[in-house]
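Okay, so here's the structure we're looking at.
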Amino acid sequence: MIPVLNELDVAYACVGNHDFDFGEEILIKLLAETKGCKWLLSNVAYKTSHRPLADCLEYSLDDINGIKVRDVLVASFLLLSLSSLIMLISNYVNRWACSR
């Protein structure tokens, strides 16, 4: 997938339910291989540090034609339902509450 994302010049992406299939360490390495893509995960964070999983950003603040825009990407509850480990170490915020 990484070569495809790089070829498409994707600006933002959000991790999905199968991105953690091989563990978070592998995922972090893969995400680092994307060029110019910001990985956002706005609604799933570690219980202890409150930082998003897999070294993702909680949000991105961009300036578009002089207007500040806060970008957020949220994961569905399906991400958590597929991994009991993720459920144990993280907090999930409903995607609608997070995007307000």
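Quick note: our numbering has the sequence shown finishing at residue 110, numbered continuously throughout.
Idealized CB from N, CA, C, for every residue including glycine.
In this text the structure is predicted, and so the values were computed from the model without any measurement.
Buried or exposed by the 16-neighbour rule on C-beta atoms within 10 Å, applied to residue i
i	result
Ser59	exposed
Val54	buried
Val14	exposed
Leu18	exposed
Whole-number beta carbon distance between residue j and residue i, since they are thought to touch under 8 Å
i	j	result
Ser100	Lys57	6 Å
Glu35	Ile12	In fact, because the Cβ distance is near 16 Å, the residues do not count as touching under 8 Å.
Under 7 Å between C-beta atoms of residue i and residue j
i	j	result
Ser86	Tyr69	no
Leu37	Phe30	yes
Leu71	Arg80	yes
Checklist line | Cβ contact (3+ pairs, closer than 8 Å) linking the segment 48 to 57 and the segment 19 to 26 | finding: The answer is yes - the segment 19 to 26 touches the segment 48 to 57, with three or more Cβ pairs under 8 Å.
Check: Can you list, in chain order, the stretches of the beta strand (DSSP E) that have 3 or more residues and sit fully within the segment 54 to 87?
Finding: Those beta strand (DSSP E) runs which fall completely within the segment 54 to 87 and span 3+ residues are 54 to 56, 70 to 74, 77 to 81.
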